[in-house]
Amino acid sequence: MIVAMQEKATEEQIDAVIDAMVEVGVNVHRTTGATQTILAGVGPTANVELGKFELLAGVLYVHRITSPYKLAGRAFRPEGTVVEFANGAKIGGNQVAVIAGPCAIESRAQIFAIAASVKAAGAGFLRGGAFKPRSSPYAFQGLGIPGLKLMYEAAQEYGLLTVSEVMEISQIEPMLPYTDCFQVGARNMQNFNLLRELGEVRKPVLLKRGIAATIEELLLSGEYIMAGGNYDVILCERGIRTYETSTRNTMDISAIPVIHKLSHLPIVADPSHGTGRRDMVAPMAKAAVAAGADAILVEIHPNADKAFSDAAQTLYLNQFEQLMSELRVIATAVGRTL
Ligand code: PEP
Ligand code: MN
Numbered sequence: 465m466i467v468a469m470q471e472k473a474t475e476e477q478i479d480a481v482i483d484a485m486v487e488v489g490v491n492v493h494r495t496t497g498a499t500q501t502i503l504a505g506v507g508p509t510a511n512v513e514l515g516k517f518e519l520l521a522g523v524l525y526v527h528r529i530t531s532p533y534k535l536a537g538r539a540f541r542p543e544g545t546v547v548e549f550a551n552g553a554k555i556g557g558n559q560v561a562v563i564a565g566p567c568a569i570e571s572r573a574q575i576f577a578i579a580a581s582v583k584a585a586g587a588g589f590l591r592g593g594a595f596k597p598r599s600s601p602y603a604f605q606g607l608g609i610p611g612l613k614l615m616y617e618a619a620q621e622y623g624l625l626t627v628s629e630v631m632e633i634s635q636i637e638p639m640l641p642y643t644d645c646f647q648v649g650a651r652n653m654q655n656f657n658l659l660r661e662l663g664e665v666r667k668p669v670l671l672k673r674g675i676a677a678t679i680e681e682l683l684l685s686g687e688y689i690m691a692g693g694n695y696d697v698i699l700c701e702r703g704i705r706t707y708e709t710s711t712r713n714t715m716d717i718s719a720i721p722v723i724h725k726l727s728h729l730p731i732v733a734d735p736s737h738g739t740g741r742r743d744m745v746a747p748m749a750k751a752a753v754a755a756g757a758d759a760i761l762v763e764i765h766p767n768a769d770k771a772f773s774d775a776a777q778t779l780y781l782n783q784f785e786q787l788m789s790e791l792r793v794i795a796t797a798v799g800r801t802l
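First residue of the sequence shown: 465, per the working numbering; consecutive thereafter.
1. Grab the span of the beta strand (DSSP E) containing Y525 for me, first residue to last.
2. Are the stretch 674-689 and the stretch 726-742 in contact at 8 Å, needing three or more beta carbon pairs?
3. Contact check, G608 vs A568 under 8 Å by CB: the rounded distance?
4. With distances taken from CA atoms, which of V492, G557 and R528 is nearest A498?
5. Roughly how far, in whole angstroms, is the beta-carbon of I760 from the beta-carbon of V562, given that I think they are within contact range, below 8 Å?
6. Would you check if the stretch 661-675 and the stretch 510-524 touch, i.e. whether three or more CB-CB distances between them fall below 8 Å?
7. Would you call the CB atoms of A749 and V798 closer than 8 Å?
8. Using three-state DSSP, classify V486 as helix, strand or coil.
9. Check whether the Cβ of K516 sits closer than 7 Å to any heavy atom of the ligand PEP, and report yes or no.
10. Rounded to the nearest angstrom, what separates A585 and C645 at their Cα positions?
11. Assuming S628 is part of the beta strand (DSSP E), what are its boundary residues?
12. If you follow the alpha helix (DSSP H) that Q647 is in, where does it begin and where does it stop?
13. Within 10 angstroms of its Cβ, does D696 collect 16 or more other Cβ (buried), or is it exposed?
14. Would you give the residue range spanned by the beta strand (DSSP E) that E701 belongs to?
15. For R528 versus L519, is the C-beta spacing smaller than 8 Å?
16. Could you check if T778 is buried or exposed, using at least 16 other CB atoms within 10 Å of its CB as the buried criterion?
17. Whole angstroms are fine: how far does the CA of V762 sit from the CA of S789?
18. Measure the alpha-carbon distance for V793 versus R800 and round it to whole angstroms.
19. Let me know the beta strand (DSSP E) ranges lying completely inside the stretch 588-627, each 3 residues or longer, listed in chain order.
20. Could you check the C-alpha separation between G502 and I482 for me, to the nearest Å?
21. Go through its chain and collect everything with a Cβ distance to A775's Cβ below 7 Å, but skip five positions before and after it.
22. Confirm, please, whether the CB-CB distance from I466 to S549 is below 8 Å.
23. Please list the terminal residues of the continuous alpha helix (DSSP H) segment that includes R742.
24. With 16 other CB atoms within 10 Å as the buried threshold, where does G552 fall?
25. Using the DSSP secondary-structure output, state which residues sit across from E548 in a beta bridge.
26. What span of residues does the beta strand (DSSP E) with I760 cover, start to end?
27. Using DSSP with H/G/I as helix, E/B as strand and the rest coil, what is Q559?
28. With distances taken from CA atoms, which of P721, R651, P766 and S634 is nearest P463?
29. Taking the alpha carbon of S710 as the reference point, which residue from Q574, G740, E617 and P721 has its own alpha carbon closest?
30. Within the continuous alpha helix (DSSP H) that includes V492, where are the two ends?
31. Tell me the DSSP secondary structure of F670 in three-state form.
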């Protein structure tokens, strides 16, 4: 159930409503927006008489949430979520963020060169995998924590934030000091134990859509993280598997407006994994910004063709620079900045 408070509701009134909700046996999640406070009651509400909540002082309206996701649904935060990072950078809101970096951290020289380029191009987030989920057990698996430390050093040097994939619960703690945003990869979108654990962490989570996941399943996975009290969830469309073989995946651009309609969570578009082809990354990145994406995630490398992983979809640094200037034009056209 959702209880939306009036704009001028007092803290005492809000507390009284929370108490009444707890009394009927629901878990209360509170969000305090710019204009109003919304209380989501999660739990057995089927037999709760909602009318009585409407009579409580300071309440604007009450309704039952019919979707299976409660906290990830738009009604919980009608004005949309803006995830704010320690240095003030934001994902969500008017400015389109850019997350760029290699598929995998390979060496100090590689990640420092990339960090310099990310900064110079005006992006705020440096990505790079330290733990790589590879289809083949014989493929490069990533440098692990020592690699992540290199990326963190590079990010510090250039004033960037780091985004890196966490594959299992045991990696969370060692990654924490070097990671500003945990990425959950497509293969782990339904690793529910990992999601629950990330619900306990107080750092943003970038949750990628599974290759065969519906949007509803993606939102339910976001719900797992939010149910633990971590509301800083950023969703990511990275292409899904279809019968089409001319691209690695089929980039579902329509997922962007669909998710904006169903959910308040920011949505990132990843045209690198979404297409798997260097020549298709820029067109799909531009389409994603035009469709309302809150951020773009792209793989870049100074020697893209020689990247240890995902070389075919990785942009050269000059291509990334070019893309950034093109994205600025698109962002302006749709009333946003980049
Ligand atoms: C990645 O970001 O490098 C990655 C492995 O992504 P995905 O989980 O979308 O395949
Ligand atoms: Mn990759």
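Every residue gets a Cβ at the ideal spot worked out from N, C-alpha and C, and that includes glycine.
Considering the structure as presented:
1. Y525 -> beta strand (DSSP E) spans V523 to H527.
2. In the pairwise beta carbon analysis, the stretch 674-689 is classified as touching the stretch 726-742: at least three pairs are separated by under 8 Å.
3. Contact doesn't hold; Cβ gap of about 11 Å is too wide.
4. Considering only alpha carbons, the answer is G557.
5. Right, the Cβ-Cβ distance comes to about 5 Å (below 8 Å), so this counts as a contact.
6. Not touching, per the Cβ criterion.
7. No; because the gap between Cβ atoms is not below 8 Å, this pair is not in contact.
8. DSSP, reduced to helix, strand and coil, places V486 within a helical segment of the structure shown.
9. Remark: the C-beta of K516 is outside contact range of the ligand PEP, defined as less than 7 Å to any heavy atom.
10. C645 has its alpha-carbon roughly 20 Å from the corresponding atom of A585.
11. Run containing S628: L625 to E629, per the beta strand (DSSP E) assignment.
12. For Q647, there is no enclosing alpha helix (DSSP H); the enclosing beta strand (DSSP E) has its first and last residue at C645 to V648.
13. Burial is judged here by how many other beta carbons sit within 10 angstroms of a residue's own beta carbon; D696 has at least 16 and is buried.
14. Unbroken beta strand (DSSP E) run through E701: V697 to E701.
15. The answer is no: Cβ separation not under 8 Å.
16. Looking at its Cβ environment, which holds 16 or more other Cβ atoms inside 10 Å, T778 is buried.
17. Rounded to whole angstroms, the gap between the alpha carbons of S789 and V762 is 14 Å.
18. Per the coordinates, the alpha-carbon of V793 lies some 10 Å from the alpha-carbon of R800.
19. Within the stretch 588-627, complete beta strand (DSSP E) segments of at least 3 residues are found at 589-591, given in chain order.
20. The amino acid occupying residue 502 in the given sequence is Ile; Gly does not appear at that position. The straight-line gap from Cα to Cα measures roughly 10 Å.
21. Here A775 has A768 and D769 as same chain residues with Cβ atoms under 7 Å from its own Cβ, once five neighbours each way along the sequence are excluded.
22. Note that residue 549 is Phe in the sequence shown, not Ser. For F549 and I466, no; Cβs fall outside 8 Å.
23. Taken as a continuous stretch (DSSP letters only), the alpha helix (DSSP H) holding R742 covers R742 to A754.
24. Exposed, because fewer than 16 other Cβ atoms sit within 10 Å of the Cβ of G552.
25. Bridge partners of E548: K554.
26. Start and end: A759 to E763.
27. If DSSP states are grouped into helix, strand and coil, Q559 belongs with the strands.
28. Past the edges of the chain, shown from 465 to 802, lies residue 463, and the structure says nothing about it.
29. For S710, the nearest C-alpha among the options comes from G740.
30. No alpha helix (DSSP H) holds V492; the beta strand (DSSP E) holding it covers N491 to T496.
31. The question names Phe, but residue 670 in the sequence shown is Leu. In the structure shown, L670 sits in a strand (DSSP, three-state: E or B).
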